[in-house]
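A.B. asks:
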Amino acid sequence: MKKVAFIFPGQGSQSIGMGKDFFENSELAKEMISKASQRLNIDFEKLLFEENDKIGQTEYTQPAILLVSSIANAIFKEKCDIQPEFVLGHSLGEFSALVSAGAIDYLDAVELVHKRGLFMTEACSGQDAGMMALVGLDDSTVENICKEQQDAGKKVWPANYNMDGQLVLAGIKADLESLVDTFKEAGAKRAIVLDMSVASHCELLRSSVENLKPYLEEYLKDEFSPVISNVTTEAYSTKDEAVELLSSQLTSPVKYKQSIAANADKVDCFIEFGNGIVLKGLNRKICKGTATLNVSDFASLEKVLGELND
2 MKKVAFIFPG
12 QGSQSIGMGK
22 DFFENSELAK
32 EMISKASQRL
42 NIDFEKLLFE
52 ENDKIGQTEY
62 TQPAILLVSS
72 IANAIFKEKC
82 DIQPEFVLGH
92 SLGEFSALVS
102 AGAIDYLDAV
112 ELVHKRGLFM
122 TEACSGQDAG
132 MMALVGLDDS
142 TVENICKEQQ
152 DAGKKVWPAN
162 YNMDGQLVLA
172 GIKADLESLV
182 DTFKEAGAKR
192 AIVLDMSVAS
202 HCELLRSSVE
212 NLKPYLEEYL
222 KDEFSPVISN
232 VTTEAYSTKD
242 EAVELLSSQL
252 TSPVKYKQSI
262 AANADKVDCF
272 IEFGNGIVLK
282 GLNRKICKGT
292 ATLNVSDFAS
302 LEKVLGELND
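If you're matching positions, the sequence shown starts at 2 in my numbering and goes up one per residue.
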């Protein structure tokens, strides 16, 4: 059988209706959603399946995405006993990966990322924080501009390395907006300040680190299957490593493209679990020789099972 890695999307992959096919056709999905609703006192059926504003708020977005990814992965595991070489997630997705690796129970993880979202929101409150998407510049050009601007007193940092020519920055919104022309003059095809009030993976979240650590200590298990770190691009499999790496992840950039590139030769394909095909799209550009499959509903699940058995 093929060697596979399980991968999990992060914030930005959410949409109303995600996970509905699983919910309507799986008792396991119904049970997981019901238990998560009881645990957090959040109506996840309403959050996931009905039009609402909360789905875009970080403290609700994070548990919603993790829950849907965990459902997709759990249903897959019911039907296929293939063991991944490693698991990997993009930002928030690293917590979904930890659930899959047996590092944390999904209900504990749902509560943990809900708190993570609250801590991130609190850290950015009153700072007018934001994020910017950049297309068309190489990493070193962006890093050099950010360093020059930091030396000049501006608060801007590289936050997500998604693929070559696509980065996301985080920082103070006014500082990001002031650099739109600078990046375009440097050759950026697009430089767009995103409609976000949280600045992920940068120093503005420093206060979140100590708030999150006690919950990591409480909920994570001592040992688990290998998980690739967003911070280092390398595998870890113990609680002590996880606590430090997941704390650092709050203020360090997500090295997604580097993680995929460094580990793609260990597997025949990646399987993305959760809503949409965000990571599949990135992987097409990062590692063209390694296929990425996706499981987001029963139709895509059956397709994946068929390809794995070919």
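Glycine included, C-beta positions come from ideal geometry on N, C-alpha and C.
In this text, all values refer to a predicted model and were calculated from it rather than measured experimentally.
Do the stretch 266-276 and the stretch 68-80 touch if we need at least three Cβ pairs shorter than 8 Å?
C.D. replies: Touching, yes, given that three or more Cβ pairs across the two stretches are closer than 8 Å.
A.B. asks: Check whether the stretch 112-125 and the stretch 146-159 touch, using three or more Cβ-Cβ pairs below 8 Å as the test.
C.D. replies: No, the stretch 112-125 does not touch the stretch 146-159.
A.B. asks: For threonine 239, write down the residues that DSSP places opposite it in a beta bridge.
C.D. replies: DSSP lists Glu224 as partners of threonine 239.
A.B. asks: Would you kindly check if the distance between the Cβ of phenylalanine 50 and the Cβ of isoleucine 83 is under 8 Å?
C.D. replies: No, they are not a contact pair.
A.B. asks: DSSP on glutamate 112, reduced to helix/strand/coil?
C.D. replies: DSSP places glutamate 112 in helix when its eight states are reduced to three.
A.B. asks: Does leucine 258 pass the burial test, meaning 16 or more other C-beta atoms within 10 Å, or should it be called exposed?
C.D. replies: Reading the sequence as shown, one finds lysine at residue 258 and not leucine. So lysine 258 counts as buried.
A.B. asks: With a CB to CB cut of under 8 Å and the five nearest residues on each side skipped, what residues in its chain are close to lysine 80?
C.D. replies: So the qualifying residues of the chain are Leu302 and Leu306.
A.B. asks: Report the three-state DSSP secondary structure of glutamine 167 (helix, strand or coil).
C.D. replies: Three-state result, glutamine 167: strand.
A.B. asks: By the DSSP assignment, the beta strand (DSSP E) with isoleucine 8 in it spans what residues?
C.D. replies: From DSSP, the beta strand (DSSP E) with isoleucine 8 extends over 5-9.
A.B. asks: What are the partner residues of glycine 131, as DSSP defines its beta bridges?
C.D. replies: According to DSSP, glycine 131 bridges with Gly172.
A.B. asks: How far does the alpha helix (DSSP H) with cysteine 147 in it reach, from first residue to last?
C.D. replies: First-last of the alpha helix (DSSP H) with cysteine 147: 140-152.
A.B. asks: Less than 7 Å separating the Cβ of serine 198 from some heavy atom of the ligand GDP?
C.D. replies: As far as ligands go, the structure on display features none, and thus does not contain the ligand GDP.
A.B. asks: Let's see if you can read the secondary structure: which residues bound the alpha helix (DSSP H) around threonine 62?
C.D. replies: Start and end: 59-80.
A.B. asks: Please state if the CB of leucine 246 and the CB of threonine 233 are separated by a distance shorter than 8 Å.
C.D. replies: Yes, the pair counts as a contact, with Cβ atoms nearer than the cut-off.
A.B. asks: Assess, as a yes-or-no matter, whether the stretch 166-186 is touched by the stretch 106-116 under the definition of 3 or more beta carbon pairs within less than 8 Å.
C.D. replies: At 8 Å Cβ cutoff, the stretches do not touch.
A.B. asks: Indicate whether tyrosine 91 and proline 10 have their beta-carbon atoms separated by less than 8 Å.
C.D. replies: Correcting the residue identity first, residue 91 is histidine in this sequence and not tyrosine. Taking 8 Å as the Cβ cut-off, histidine 91 and proline 10 qualify as a contacting pair.
A.B. asks: Rounded to whole angstroms, what is the Cα-Cα separation between phenylalanine 184 and valine 143?
C.D. replies: Whole-angstrom Cα-Cα distance: 8 Å.
A.B. asks: Let's see if you can read the secondary structure: which residues bound the alpha helix (DSSP H) around valine 296?
C.D. replies: Taken as a continuous stretch (DSSP letters only), valine 296 belongs to no alpha helix (DSSP H), being part of the beta strand (DSSP E) at 292-296.
A.B. asks: Decide yes or no for the touch test of the stretch 43-61 against the stretch 277-296: beta carbon pairs closer than 8 Å, at least 3 of them.
C.D. replies: With the cut-off at 8 Å, the stretch 43-61 and the stretch 277-296 do not touch.
A.B. asks: Verify whether the separation of the beta carbon atoms of valine 244 and leucine 221 is less than 8 Å.
C.D. replies: Yes.
A.B. asks: Label glutamine 39 either buried or exposed according to how many other C-beta atoms from any shown protein chain fall within 10 Å of its C-beta, with 16 as the threshold for buried.
C.D. replies: Classification for glutamine 39: exposed.
A.B. asks: According to DSSP, cysteine 270 sits in a beta bridge with which residue or residues?
C.D. replies: In the DSSP output, where bridge partners are listed per residue, cysteine 270 has Val5 and Ala292.
A.B. asks: Give me the DSSP bridge partner(s) of glycine 90.
C.D. replies: Looking at the DSSP assignment, glycine 90 forms a beta bridge with Phe9.
A.B. asks: Would you kindly work out how many angstroms separate the C-alpha atoms of valine 268 and glutamate 235, rounded to a whole number?
C.D. replies: Cα to Cα, valine 268 sits roughly 15 Å from glutamate 235.
A.B. asks: Nearest-angstrom Cα distance between glycine 188 and aspartate 129?
C.D. replies: Their Cα atoms are separated by approximately 27 Å.
A.B. asks: Applying the 10 Å Cβ sphere with the 16-neighbour rule, what's the burial state of leucine 117?
C.D. replies: Per the sequence shown, the amino acid found at residue 117 is arginine instead of leucine. It counts as buried.
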